[in-house]
Amino acid sequence: MKRIIKEQVKGQVKEQVSRILPRIEQSVNAQLEAEVLTRSSHSSRTSYAVAAELKKILIKKMEGNKPIQRSDEQMNLYKALVDAYEADKTILDSYGETVILKRRRDDDDDQDEGPSAGSDRRSKRRREGKEPESASAPLETATRSVGRSTTGSKSQQVSASESAFAEEPVQTTS
Numbered sequence: 001m002k003r004i005i006k007e008q009v010k011g012q013v014k015e016q017v018s019r020i021l022p023r024i025e026q027s028v029n030a031q032l033e034a035e036v037l038t039r040s041s042h043s044s045r046t047s048y049a050v051a052a053e054l055k056k057i058l059i060k061k062m063e064g065n066k067p068i069q070r071s072d073e074q075m076n077l078y079k080a081l082v083d084a085y086e087a088d089k090t091i092l093d094s095y096g097e098t099v100i101l102k103r104r105r106d107d108d109d110d111q112d113e114g115p116s117a118g119s120d121r122r123s124k125r126r127r128e129g130k131e132p133e134s135a136s137a138p139l140e141t142a143t144r145s146v147g148r149s150t151t152g153s154k155s156q157q158v159s160a161s162e163s164a165f166a167e168e169p170v171q172t173t174s
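Going by the UniProt record's numbering, the first residue of the sequence shown is number 1, and it counts up by one from there.
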């Protein structure tokens, strides 16, 4: 009698488990997806804030080590760094947690092309001093546009120039 009851209970438990298990799996997957989305969106905001903070530190170091004579190229790079920092600060102050800025890396696009793809060529040109001047021109234009557009109200929509600046690829020297 006990064996029969045990077998019936086991059969019912197996049946219920087979019904409940897919529901549990769906629930866990949904929670995991939500957590991954939350963490990934938080990390992009955090990395953008960290980039702004690193620019600020670099500016302070550069201001602390002012040499008597600076070349025009160094002055232009310093001004571009300050403009980029001001733009980052304005965006973060104005929009805070409501905007997620996407930043691409050159090597993300080159993964399918193999190890000797485009980013290596760009870094080689940079080392040899043959980087085309057009690569720096869009950055300056975008930072100036961002600076002008901040005179409006803080509740205005992100302008096209700010969007272009936000999605500009980040050049890494690795």
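All C-beta atoms, glycine included, are put in the ideal place defined by N, C-alpha and C.
- Out of 59, 7, 19, 50, the CA that lies nearest to the CA of residue 75 is found in 59.
- Residue 90 holds the alpha-carbon nearest to the alpha-carbon of residue 52 among 90, 78, 24, 28.
- For residue 61 against residue 88, the beta-carbon gap comes to about 17 Å, at or over 8 Å, which does not count as contact.
- Inter-residue distance for residue 25 and residue 9 is about 23 Å (C-alpha atoms, whole angstroms).
- The Cβ atoms of residue 81 and residue 49 lie no closer than 8 Å to each other.
- Secondary structure of residue 65 (DSSP, three-state): coil.
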